[in-house]
Structures are given as C-alpha cells and as structure tokens.
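As structure tokens, the structure follows; a few thoughts come after it.
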Amino acid sequence: QRLKAAVHYTVGRLCAEATQDSGVQLSKQTVAAIAEVTFRQ
Amino acid sequence: KDWFLSEEEFKLWNRLYRLRDSDEIKEITLPQVQFLSLQNEENGLTQEPSRGTHQLSLSEWRLWQDHPLPTYQVDHSDRCHHFISIMQMIEGMRHEEGECSYELNIKSYLQMEDVS
Amino acid sequence: VPQELVSKLLHLHFKDDKTRVSGDALLLTAELLKVFVVEAAIRSVRQAQAEDLACVDVDQLEKVLPQLLLDF
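Residue numbers (this note's numbering), protein chains in the order written: chain A, 1 to 41; chain B, 1001 to 1116; chain C, 2001 to 2072.
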C-alpha cells in the first residue's frame, strides 16, 4: 500500500505539473491508470 | 531521502489520488496482452476483472487508431505509423463489398509463370 | 521521480537480490519514467480537449494508449 501510494503520488504530481496550464483536470482514476501503465512498462 | 512519502505527502495522496472502496473504479489494471490465435497454455483463459476493477483496453477504441493522435515531446515511432496504416487498411476493408482492393493490389504482382 | 523510489521499484523486479544499479542508471530511468508519464498525461489532456471535456477520464487515456505504448 505504501509503495503504491508513493507511486501514485509521484505520478499525480508529475501529471499535475505537466497539465497545469491546460485548464483540464485529470481524474484520480486516470492518474492511477497512467501509474499502472508506466510501471507495467 | 528514502522512497516513503512524508506525512504531508501521504495526506495529499489520501486526498487527491487514493482510490476508495466507495469509488466506482477501485483499481486499474493493464492486462497481459493476449493474441486470440496464440492462446498459449501458460496464460490460459483471460482473468475476469474483479468487481470495481477496470481493465485497461487496447482495443476498445480501435476506431480511433486510423489516424496519428497528437503528441507532445515524443513523436510517433515508425512502428506506430505502421500500426496506423494497418488500422486504416482494416477500416477500408471493412467497408468494401464484393472485391477486395488489397487482393486486387497484391494480385497485380502475381506472375503465374513463377508459380512452379 | 525520486531515485529512491525508482531504485525500490527496480529491485522489486530484479531476479537476483545482489543486482546493483549505478547512480547514472537510476537517473536515466527516473528521467525515462518522467518523460513517459508527462507524455501520457498531455496526450490524454489533448484528447479530452478535442472532446470539449473539462476532466480527463480513463476513456481518454485508453484512446491514446495504443499509440503511446508503440512510441516507447
């Protein structure tokens, strides 16, 4: 659980930083999906 | 200095990113890709997602794959362009009736005298 | 991406516990993960913008995912 939290938090912060000017929010499910795909890769 | 989240970060994760049991989607998985024609014993049948788990699909939106989607810092690879051209061909073939343009195209290279 | 987190994740996947990772390799892996995550996020956002959505959901990511995976 802690490792998953660390991964999701890290991915979430990166996504937020990268998309902050777009005016579009990423849902937490999308963040979880990007984390899953990233670390599965 | 280690990989743990600090208390503050943990609270932020808990508020912004944690998937809860009360959420419709509680977990996201990327299933192992399987080719129907290469059903090997090792994988056996595809695992049915448990309740509340969303299995990411690479084929759900296949109609979207007939054109290159916008990129950001990483351009499309050659194999991606190849994939898009195959999806375009499949899409084209789906709408054909009667003769198949792909077959007509390939047949023009056929030299019967070469067939022993 | 914190290098300690990258190191932890890599060691989860190493078959041999004695495998070691150099600092440069960690740095590079962290950078690759960052590039992948940012690319996934921004492509998903652009898909949501194309659909006039204010929020990116898993559907938008799934639409860009096949080409994203083929590009890495």
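Glycine residues also receive a C-beta, built at the ideal position from the N, C-alpha and C atoms. Note that the structure is predicted; figures quoted are calculated from it, not measured.
Give me the chain A residues within the contact set of residue 1064 of chain B, using Cβ-Cβ distance strictly less than 7 Å, ordered along the chain. Residues of chain A with a Cβ closer than 7 Å to the Cβ of residue 1064 of chain B do not exist; the shortest Cβ-Cβ separation is about 16 Å.
Consult DSSP for residue 1025 of chain B and reduce its assignment to one of helix, strand or coil. Three-state result, residue 1025 of chain B: coil.
First through last residue of the beta strand (DSSP E) which encompasses residue 1053 of chain B: From DSSP, the beta strand (DSSP E) with residue 1053 of chain B extends over 1053–1055.
Close Cβ partners of residue 2030 of chain C (< 7 Å) along its chain, the five nearest in sequence each way excluded: Correct list, in chain order: 2001, 2003 and 2006.
Can you list the residues of chain A that residue 2057 of chain C reaches, using a CB-CB cut of under 8 Å? When 8 Å is used as the limit between beta carbons, residue 2057 of chain C is near these residues of chain A: 27, 29 and 30, in chain order.
Measure the CB-CB distance between residue 2058 of chain C and residue 16 of chain A and report whether it falls below 7 Å. Going by C-beta atoms, residue 2058 of chain C is not nearer than 7 Å to residue 16 of chain A.
Measure the C-alpha to C-alpha separation of residue 1077 of chain B and residue 2071 of chain C and round it to an integer number of angstroms. Note on geometry: alpha-carbon atoms of residue 1077 of chain B and residue 2071 of chain C lie some 5 Å from one another.
Residue range of the alpha helix (DSSP H) that includes residue 1085 of chain B: That run of the alpha helix (DSSP H) goes 1078–1094.
DSSP has residue 2056 of chain C in a bridge; who is on the other side? DSSP lists A/26 as partners of residue 2056 of chain C.
Verify the CB distance criterion: does residue 2024 of chain C have a CB-CB separation below 7 Å to chain B? False, the Cβ-Cβ gap to chain B never drops below 7 Å.
Element boundaries [alpha helix (DSSP H), containing residue 12 of chain A]: Note, residue 12 of chain A: alpha helix (DSSP H), 2–19.
7 Å Cβ cutoff, residue 23 of chain A in contact with chain B: Contact of residue 23 of chain A with chain B is not assigned, every C-beta pair being separated by 7 Å or more.
Looking at residue 24 of chain A and residue 2045 of chain C, is the spacing between their C-beta atoms short of 7 Å? Taking 7 Å as the cut-off, the Cβ atoms of residue 2045 of chain C and residue 24 of chain A count as close.
Which of the three DSSP states is assigned to residue 1011 of chain B in this structure? Looking at residue 1011 of chain B - three-state DSSP - the assignment turns out to be helix.
Contact residues within the segment 2027–2044 of chain C, judged by C-beta distance below 7 Å to chain A: For the segment 2027–2044 of chain C, the residues whose beta carbon sits under 7 Å from a beta carbon of chain A are, in order, 2033, 2034, 2036, 2037, 2038, 2040, 2041, 2042 and 2044.
Is there a Cβ from chain C that is less than 7 Å from the Cβ of residue 1067 of chain B? Cβ-Cβ to chain C under 7 Å: no for residue 1067 of chain B.
Nearest-angstrom Cα separation, counted from residue 2015 of chain C out to residue 2054 of chain C: If you take the alpha carbons of residue 2054 of chain C and residue 2015 of chain C, they lie about 43 Å apart.
Tell me whether residue 2024 of chain C, by its Cβ, gets closer than 6 Å to a heavy atom of the ligand FMN. Absence of the ligand FMN from the depicted structure is noted, as is the absence of any ligand whatsoever, leaving it without description.
Below 8 Å on the Cβ atoms is my guess for residue 19 of chain A versus residue 2041 of chain C; work out the distance and round it to an integer in Å. 5 Å between Cβ atoms; contact.
Which residue wins for smallest C-alpha separation from residue 1033 of chain B, given the options B/1017, B/1055 and B/1012? Ranking B/1017, B/1055 and B/1012 by Cα distance to residue 1033 of chain B puts B/1055 first.
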